[in-house]
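The number in the numbering used here is simply the position in the sequence shown, starting from 1, with 17 added. Each residue gets a CB set at the ideal place from its N, CA and C atoms; glycine is no exception. Below is one structure, written out as C-alpha cells; the observations come after it.
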Amino acid sequence: MMLLPPSLDELIIENHPVRIINQVIDQINIEPLIKNYKGGGTSSFHPRMMLKVLVYAYINNVYSSRKIESAVKENIHFMWLAGMNRPDHNTINRFRSERLKDVLKQLFAQVVLMLNQEGFLDIKDIYTDGTKIEANANKYTFVWGKAIQTSKERISKQLQEIWDYTQEVAKEELLDKEPISFEQIDSQKVAQTIDQINEILKDKPVDKKVKQKLNYAKRNWPEKLDQYEQVEQVLNNERNSYSKTDKDATFMRMKEDHMRNGQLKPGYNVQVSSSNQYIVNYTLHPNPTDTKTLPSHILAHQELYNQIPSSLTTDAGYGSEENYVMLENKNIEAYVKYNMFDKQQRTIKNDKYPFSKDKLYYNQDEDYYICPMGQKMEFIGEKKQKTEAGFTQQLSIYQATNCEGCPLRSQCHKAKGNRRIEVNHNLERLKQKAKKLLISEAGIAKRQKRVVDTEPVFANIKHNKGFRRFMLRGKNKVEIEWGLIAMAHNLKKRAAI
Ligand code: SF4
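Okay, here's the thing in C-alpha cells:
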C-alpha cells in the first residue's frame with residue numbers, strides 16, 4: 018500500500034497525552050525500582066517502559082493484565098510507549114505486584130513534587146477525605162471478631178461448669194487446691210485442664226452427659242481455640258471482621274449500595290489528600306471510620322515529602338480530640354469540622370434541646386456553670402476515659418446544688434437527684450479554635466473548596482474511570498493498584514491542561 022510505511026512516531030499527534038506521560042515518567046528517578054530486580058536489573062523489559070505502559074493503561078481504564086497485553090500488540094499508543102516490546106500478561110502481573118512493591122509510592126511522590134514545582138498543586142495546603150473501595154473478596158466468607166469472642170466465652174463457661182462438677186465429685190481431693198479462673202483461656206490451658214479433670218474423675222462415678230461433654234471438649238476445644246487465636250492475630254485489635262478470601266479486607270458499609278439492603282461488604286478505607294483535585298497522598302486502612310485514620314495518613318505525608326502540611330481541611334468525620342491534639346502538636350492549621358459545627362451554623366428555629374450543656378453559661382475564672390434556673394453548678398471532680406483508639410480524655414464533672422421542686426426539671430434532665438454534667442474542657446478549647454478558623458474568611462473559602470477538591474477525585478475514579486473494586490488481593494497489592502490509579506489520575510489531569 019505504501020512505499021515507505023510511516024513510523025509510529027509520525028502517527029501520534031504532537032500534543033497527545035501519551036507523549037506527556039512518556040515525558041513525565043522519563044524524568045522520574047527509577048533507582049528504587051531497579052533495586053527491586055535481583056542482581057540489579059537484567060529483565061528483558063526495561064522497568065521504565067513497564068511503568069509507562071501500566072500507568073498509561075490505568076489512564077485509559079484498562080486494569081486487566083490480559084487487556085494490557087493485547088493493547089501493547091494492537092494499540093499504536095501503547096506500541097509506541099512500549100517501544101514495540103510485547104510483555105505478556107504474566108510479566109505485566111509480576112511487574113505490578115512484585116516489582117512495584119514498596120517503591121511505587123516513592124515514584125508517585127516524585128510525580129507529585131514535579132507537579133508541585135510546575136505550580137499545579139500545593140503539598141502544604143491539603144484537603145483530606147476518605148472513600149471505601151470494595152475488595153476482590155467474596156462477601157459471604159466473613160469472619161467476625163464478636164462471634165469468636167462469644168465462642169470463647171461459651172467454652173470458658175462450659176469449662177467452668179465441668180470444673181465445678183469435678184470439685185463437687187472430688188471434694189476432699191481438691192480441698193487444698195487453689196481456685197482456677199477460666200476468664201482467660203487458650204488451647205494449652207484448656208487441654209491441660211481437661212486432662213487434669215479426666216485424671217481426677219478416672220475412678221469415680223461420673224454423670225454420662227459430663228463424660229460425653231469431656232470427650233467432646235478434648236477432641237474439639239483446643240483445636241478451636243488455636244483457630245480463634247489465629248483469627249485474633251489477623252484482627253489485631255484493629256477491626257471486627259475480615260474476609261477469608263482477602264484477610265486484609267474488612268467488612269464495611271459501602272456508599273454504593275445497589276441492592277439498598279445495607280449489606281456490609283469486604284473493602285478498604287482509602288484516605289486521600291488532594292490539592293487542586295490532584296492526589297497528593299494516599300493511605301489504605303482496615304478500619305471503616307475516618308477518625309482513626311488521620312494520624313497515620315499525616316505521618317505518611319511527612320515521610321513522603323519530608324515536611325508536614327501547613328493546613329488541613331476535612332469534614333466532620335475527623336473532628337476528634339486526638340486528631341485536634343495531633344494537628345496542634347504538629348503545628349498544622351486545622352480547618353477540621355467537629356460533629357455539631359454545621360448544626361451550630363444554622364439558625365435553629367425550634368431548638369429541641371434548649372437546656373443542653375453547651376448552652377449553659379460557664380464562668381472560666383471560677384470554674385462553675387450556671388443552670389437554666391440560675392443555680393450554680395459546682396465542680397465536683399474529674400474522671401479519665403479512653404477512646405477506642407486508646408487516647409486518654411480528661412472530663413470535669415459539675416453538679417447542680419438542688420434540683421428538687423424545680424419547675425424546669427422535666428425539660429432539664431431525666432436523671433435521679435441533682436443534675437450532673439461532664440465537660441471535656443480540652444476538647445471544647447480545640448473545637449473553639451477550629452470554629453474560629455472555620456468561620457474566618459480563609460476558612461469559608463477552604464470549606465467551599467473542600468467540596469470541589471477531594472470529592473471530584475473520588476467521583477472521577479469511581480464513575481469516569483469505573484474503578485469501584487480492587488482486582489488484586491492483600492493490602493500490599495491493593496496499595497499498588499491504588500498508587501497506579503492515583504498516578505494515572507494525576508497524569509491524566511496534567512495531560513488535559
Ligand atoms: S433541674 Fe436542676 S439543673 Fe435543671 S434548671 Fe432546675 S435546678 Fe437547674
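Going along the chain, which residues put their C-beta within less than 5 Å of some heavy atom in the ligand SF4? Cys388, Pro389, Met390, Gln392, Ala417, Cys420, Cys423, Leu425, Arg426, Cys429 and Arg436
Would you tell me roughly how many angstroms separate the C-alpha atoms of Lys225 and Leu301, rounded to the nearest one? In a straight line, the C-alpha of Lys225 is about 54 Å away from that of Leu301.
Sub-8 Å separation of Tyr322 and Phe137 beta-carbons: No.
Quick check on Ser168: does DSSP put it in helix, strand or coil? Here DSSP, grouped into helix, strand and coil, assigns Ser168 to helix.
DSSP three-state label for Asn298, please. Strand.
Using DSSP with H/G/I as helix, E/B as strand and the rest coil, what is Thr404? coil
Pull up the CB-CB distance for Leu242 and Ile172, whole angstroms please, since I reckon it's below 8 Å. Confirmed, Cβ separation roughly 7 Å.
Cα-Cα separation, Lys261 to Tyr80: 24 Å
Please identify the residue among Ile143, Val120, Ile29 and Ala126 whose C-alpha is closest to the C-alpha of His94. Ile29
Quick check: the Cα distance between Ala266 and Lys149, rounded to an integer number of angstroms? 11 Å
Is it the case that the Cβ atoms of Tyr259 and Val186 are separated by a distance below 8 Å? no
Check whether the Cβ atoms of Gly336 and Tyr352 sit closer than 8 Å, and answer yes or no. no
Three-pair Cβ contact test at 8 Å for the region 429 to 439 versus the region 401 to 417: yes
Taking Lys141 and Ser327 to be in contact with their CB atoms under 8 Å, please state how far apart those CB atoms are, rounded to whole angstroms. 4 Å
So Ile10 packs on Phe487, CB below 8 Å; how close in whole Å? Absent from the model: residue 10. The displayed extent of the chain is 18 to 514, so no value can be given.
Out of curiosity, what's the CA-to-CA distance linking Lys122 and Gly500? 7 Å
Sequence-distant residues of the same chain with beta carbon closer than 8 Å to Lys403, five excluded per side: Thr409 and Gln410
Where Gly100 falls: helix, strand or coil (DSSP): coil
Please report how far the alpha carbon of Lys206 lies from the alpha carbon of Gln166, in whole angstroms. 17 Å
Per DSSP, Ile438 is paired with what? Tyr415
Work out the CA separation of Asn380 and Met390 for me, nearest whole Å. 16 Å
Can you have a look at Lys52 and say buried or exposed, based on whether 16 or more other CB atoms are within 10 angstroms of its CB? exposed
With a cut-off of 8 Å on the beta carbons, I'd call Ile76 and Leu508 a contact; round off their distance for me. 6 Å
With respect to the alpha helix (DSSP H) encompassing Tyr500, which residues constitute its N-terminal and C-terminal limits? Note that residue 500 is Gly in the sequence shown here, rather than Tyr. Gly500 -> alpha helix (DSSP H) spans Lys492 to Ala513.
Determine contact between the region 199 to 216 and the region 235 to 250, defined as no fewer than three beta-carbon pairs at a distance below 8 Å. yes
Whole-angstrom Cβ separation of Gln47 and Pro64, contact assumed at under 8 Å? The sequence shown places Ile at residue 47, rather than the Gln named in the question. The Cβ separation is near 6 Å, so the contact holds.
Based on the DSSP secondary-structure assignment, which residues constitute the bridge partners of Met343? Its beta-bridge partners do not exist; DSSP assigns none.
Taking the alpha carbon of Asp212 as the point to measure from, which residue in Asp193, Ala234 and Asp119 has its own alpha carbon closest? When only C-alpha atoms are compared, the closest one is Ala234.
Here's the rule I'm using: 16 or more other beta-carbon atoms within 10 Å means buried, otherwise exposed. How should Thr158 be labelled? exposed
Since Asn39 contacts Leu98 with CB under 8 Å, what's their CB separation in whole angstroms? 6 Å
Throw me the rounded Cβ distance for the Tyr144 and Ser290 pair, which I believe falls under 8 Å. 7 Å
Measuring only the C-alpha atoms, how far is Glu338 from Asp382? 23 Å
For Val72 versus Ile42, is the C-beta spacing smaller than 8 Å? Yes. Within cutoff.
Local conformation of Lys374 per DSSP, three classes: helix
In the DSSP assignment, what residue or residues form a beta bridge with Pro305? Pro305 is not bridged to any residue.
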